[in-house]
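Peer 1: Residue numbers (my numbering): 8 to 439.
Think of the CB as a built atom: it goes at the ideal place given N, C-alpha and C, for glycine as much as any other residue.
(1) Could you compute how far the alpha carbon of residue 352 sits from the alpha carbon of residue 274?
(2) By the three-class DSSP mapping on this structure, what secondary structure does residue 320 have?
(3) Given a threshold of 16 other Cβ atoms within 10 Å of its Cβ, counted over all protein chains shown, does residue 168 qualify as buried or as exposed?
(4) Can you name, in chain order, every residue of its own chain whose Cβ lies under 7 Å from the Cβ of residue 375, other than the five neighbours on each side?
(5) Taking 8 Å as the threshold, find out whether the stretch 151-167 comes into contact with the stretch 186-202 through three or more Cβ pairs.
(6) Contact defined as beta carbons within less than 8 Å: I believe residue 318 pairs with residue 147. What is the distance between those atoms, to the nearest angstrom?
(7) Could you tell me which residues DSSP puts in a beta bridge with residue 40?
(8) Using the Cα positions of residue 104 and residue 149, report the straight-line distance between them to the nearest angstrom.
(9) In chain order, which alpha helix (DSSP H) runs of at least 4 residues are fully inside the stretch 364-434?
(10) Under a three-way DSSP split, which group does residue 158 fall into?
(11) Across the stretch 127-134 and the stretch 244-264, are there enough close Cβ pairs to call them in contact, namely three or more that are closer than 8 Å?
(12) From this set, 379, 265, 227, which residue's C-alpha is nearest residue 432's C-alpha?
(13) Threshold first: 4 residues or longer. Then list the alpha helix (DSSP H) segments lying entirely within the stretch 233-277, N to C.
(14) Can you tell me where the alpha helix (DSSP H) with residue 51 in it begins and where it stops?
(15) Find the nearest neighbour of residue 276 within the set 381, 236, 254, judged by alpha-carbon distance.
(16) How about residue 304 and residue 179: do their beta carbons lie closer than 7 Å?
(17) With C-beta atoms as the reference, is residue 269 less than 7 Å away from residue 198?
(18) Identify, in the order they occur along the chain, each residue of the same chain with its Cβ nearer than 7 Å to the Cβ of residue 209, setting aside the five sequence neighbours on each side.
(19) Pull up the DSSP beta-bridge partners for residue 177, would you.
(20) Which stretch, first to last residue, makes up the beta strand (DSSP E) that contains residue 118?
(21) How far does the alpha helix (DSSP H) with residue 335 in it extend, from its first residue to its last?
(22) So residue 312 is in the beta strand (DSSP E); what residue range does that whole segment cover?
(23) Quick check: the Cα distance between residue 263 and residue 231, rounded to an integer number of angstroms?
(24) Thinking C-alpha only, which one of 436, 60, 402, 59 is nearest residue 422?
(25) Return helix, strand or coil for residue 108, following the three-state DSSP convention.
(26) With three or more C-beta pairs closer than 8 Å as the rule, is the stretch 408-421 touching the stretch 237-247?
(27) Closer than 6 Å by C-beta to residue 42: which residues in its own chain qualify, once you throw out the five before and the five after it? Chain order, please.
(28) I need the boundaries of the beta strand (DSSP E) containing residue 196, first residue and last residue.
(29) Where does residue 151 fall in DSSP's three states?
(30) Taking only three categories from DSSP, how would you classify residue 82?
(31) Please determine, among 46, 107, 214, the residue with the shortest C-alpha to C-alpha distance to residue 441.
(32) Are the Cβ atoms of residue 411 and residue 204 separated by less than 7 Å?
(33) Quick one: using the 10 Å Cβ neighbour count with 16 as the cut-off for buried, is residue 315 buried or exposed?
(34) Just to confirm my understanding: we take residue 217, look at its own chain, exclude 5 residues before and 5 after, and list those with CB closer than 6 Å. What are they?
(35) Given residue 332, which residues of its chain have a CB within under 8 Å of its CB, disregarding the five upstream and five downstream residues?
(36) Just how far apart, CA to CA, sit residue 215 and residue 438?
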């Protein structure tokens with residue numbers, strides 16, 4: 008087998024050289040485009056590209072950063088015209104849509120010349136699932152991983168005489184602290200925003216419920232535990248210490264928090280480096296904690312946080328496919344993933360390199376309790392998606408909006424959400 012892998016590696020290297028020689032621009036080099044949607048991660052992505060091109064001087068990689076909405080608009084148009092970027096990020100919300108229609112290159116065997124079990128040995132099950140198509144094959148190299156946590160304002164807690172959140176906090180503690188803070192300071196407590204991954208999803212799983220069943224073919228919105236989790240999350244708006252969703256139409260939870268208007272909200276670790284950078288006057292005045300657990304779950308131990316992750320993909324029919332594949336193959340190595348972490352781009356998906364992300368905070372004297380993020384991976388739940396996600400996600404949030412506004416009761420909203428997900432999922436399954 009080793010001989011076969013060596014021969015394969017030699018053949019691929021020769022093919023790569025031929026591609027470089029045959030697909031070059033006027034300068035004789037291969038020019039690749041690499042599209043991302045987060046300008047804050049651009050330095051890290053550029054550093055990875057520089058590390059690759061230092062070893063392959065005949066390749067030039069241009070990193071192009073755009074906004075989230077513009078990214079997907081452009082990507083869909085490019086897919087329809089068969090002009091996808093050479094390399095691009097892929098999100099779980101969209102991966103199945105692109106993979107199931109044959110738009111993404113299958114990278115399941117990309118590392119076979121190194122180790123047939125490369126993905127299993129170096130990436131968690133969640134990371135592998137985040138890059139997997141409906142057929143179980145991989146359509147991207149795992150990039151990063153994340154989870155949501157509680158952010159709290161230490162000054163507001165101190166002013167209210169309330170102890171900081173700790174690992175034993177439950178939903179009851181969240182409510183109690185929020186009420187005390189509001190009564191003592193007039194500041195909002197926990198700001199429950201109408202969102203899924205950084206909103207009600209983790210509360211559903213903490214209660215023992217689920218959004219999609221194990222094979223992603225049916226929703227679980229009307230399951231008793233799911234109802235329990237969503238009822239608690241949505242019900243927080245009934246308290247004076249929680250802003251209404253009308254408030255959030257003009258002010259995001261993070262803006263309210265860093266303006267000193269509210270004491271707590273749920274945030275994702277991917278935003279922490281830029282929050283430290285953007286709000287220097289707040290350094291040392293806030294910290295992070297684990298999400299509180301459900302005190303009486305219908306199943307499980309009451310702990311859960313959502314974990315998502317991106318992957319590096321390339322089009323199935325790209326003109327410079329072999330070179331692009333070689334680049335994303337490098338992106339999945341320990342060397343490249345360490346670079347990503349050290350630049351603070353994101354927590355690397357490659358097992359054993361996660362701690363490199365801490366270096367993004369070395370420039371600040373004020374430290375955050377980053378340990379809790381790594382500890383939460385022990386009970387993290389994979390972010391919810393299936394091939395119909397692009398169709399049902401916004402519709403589901405629209406139903407919750409109607410509940411928040413009082414236009415429909417929660418039970419009706421949950422039944423509608425169940426129907427929407429099940430209907431859109433059934434349509435997708437029928438298409439295949």
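Peer 2: So, from the data block:
(1) Residue mapping note: residue 352 aligns to position 345 of the chain shown, counting from 1. Residue mapping note: residue 274 aligns to position 267 of the chain shown, counting from 1. Note on geometry: alpha-carbon atoms of residue 352 and residue 274 lie some 16 Å from one another.
(2) For the purposes of this step, residue 320 is taken as the residue at position 313 of the chain shown. Strand, per DSSP.
(3) Within the chain shown, residue 168 is the residue found at index 161, counting from 1. Here residue 168 is exposed, its C-beta having fewer than 16 other C-beta atoms within 10 Å.
(4) Position 368 of the chain shown, counted from the first residue, corresponds to residue 375. Taken in chain order, the residues that qualify are 279, 294, 295, 368.
(5) In this structure the stretch 151-167 touches the stretch 186-202; the number of beta carbon pairs closer than 8 Å is three or more.
(6) As a working mapping, residue 318 is identified with position 311 in the chain shown. As a working mapping, residue 147 is identified with position 140 in the chain shown. That pair is a contact at about 3 Å.
(7) Numbered from its first residue, the chain shown carries residue 40 at position 33. In DSSP, residue 40 forms a bridge with 69.
(8) On the chain shown, position 97 is the one that residue 104 refers to. On the chain shown, position 142 is the one that residue 149 refers to. Rounded to whole angstroms, residue 104 to residue 149 spans 17 Å at the Cα level.
(9) Taking only runs of at least 4 residues, the alpha helix (DSSP H) segments lying wholly in the stretch 364-434 are 378-383, 396-412.
(10) The sequence position of residue 158 within the chain shown is 151, counting from 1. The three-state secondary structure of residue 158, taken from DSSP, is strand.
(11) Judged by Cβ distances under 8 Å, the stretch 127-134 makes no contact with the stretch 244-264, as fewer than three pairs qualify.
(12) Counting from one through the chain shown, the residue named residue 432 turns up at place 425. Closest by alpha carbon: 227.
(13) Segments of the alpha helix (DSSP H) lying fully in the stretch 233-277: 252-255, 260-265.
(14) Along the chain shown, one-based indexing puts residue 51 at 44. Residues 49-62.
(15) If you number the chain shown from 1, residue 276 lands on position 269. With respect to the C-alpha of residue 276, the residue from 381, 236, 254 having the closest C-alpha is 381.
(16) Walking along the chain shown from the start, residue 304 turns up at place 297. Walking along the chain shown from the start, residue 179 turns up at place 172. No; because the gap between Cβ atoms is not below 7 Å, this pair is not in contact.
(17) As a position in the chain shown, residue 269 is number 262, starting the count at 1. As a position in the chain shown, residue 198 is number 191, starting the count at 1. Taking 7 Å as the cut-off, the beta carbon of residue 269 is found closer than this to the beta carbon of residue 198.
(18) Sequence index remark: in the chain shown, residue 209 carries index 202 (1-based). Its chain contains 155, 298, 311, 312, 313 as the residues whose beta carbon lies nearer than 7 Å to that of residue 209, once the 5 sequence neighbours on both sides are disregarded; these appear in chain order.
(19) Position 170 of the chain shown, counting from 1, holds the residue named residue 177. According to DSSP, which records beta bridges pairwise, residue 177 is partnered with 300.
(20) Counting from 1 along the chain shown, the entry for residue 118 is found at position 111. Neither: residue 118 is in no beta strand (DSSP E) and is coded neither H nor E.
(21) Counted from its first residue, the chain shown places residue 335 at position 328. 328-338 is the span of the alpha helix (DSSP H), which, as asked, contains residue 335.
(22) By 1-based counting over the chain shown, the position of residue 312 is 305. 312-314 is the span of the beta strand (DSSP E), which, as asked, contains residue 312.
(23) Residue mapping note: residue 263 aligns to position 256 of the chain shown, counting from 1. Residue mapping note: residue 231 aligns to position 224 of the chain shown, counting from 1. Cα to Cα, residue 263 sits roughly 33 Å from residue 231.
(24) The residue you call residue 422 lines up with position 415 of the chain shown. Nearest to residue 422 by alpha-carbon distance, out of 436, 60, 402, 59, is 402.
(25) Here residue 108 corresponds to residue number 101 of the chain shown, with the count starting at 1. Coil at residue 108, not helix or strand.
(26) These segments touch.
(27) The residue given as residue 42 occupies position 35 in the chain shown. So the list reads 71, 92, 95, once near-sequence residues are dropped.
(28) For the purposes of this step, residue 196 is taken as the residue at position 189 of the chain shown. Looking at the DSSP string, the run of the beta strand (DSSP E) that includes residue 196 is 195-197.
(29) The residue you call residue 151 lines up with position 144 of the chain shown. Strand, per DSSP.
(30) As a first step, residue 82 must be located in the chain shown, where it is residue number 75. Under the three-state reduction of DSSP, residue 82 is assigned to helix.
(31) It is not possible to answer for residue 441, since the shown part of the chain is limited to 8 through 439.
(32) On the chain shown, residue 411 is found 404 positions in, with the first residue counted as 1. On the chain shown, residue 204 is found 197 positions in, with the first residue counted as 1. Not a contact, by the Cβ cut-off of 7 Å.
(33) As a working note, residue 315 is residue 308 in the chain shown. Result: buried.
(34) Here residue 217 refers to the residue found at position 210 of the chain shown. The answer, listed in chain order, is 227.
(35) Residue mapping note: residue 332 aligns to position 325 of the chain shown, counting from 1. Closer than 8 Å at the Cβ level, and outside the excluded window around residue 332, lie 112, 114, 117, 321.
(36) Taking the chain shown and counting its residues from 1, the one referred to as residue 215 is at position 208. Taking the chain shown and counting its residues from 1, the one referred to as residue 438 is at position 431. Straight through space, the alpha carbons of residue 438 and residue 215 are spaced by roughly 32 Å.
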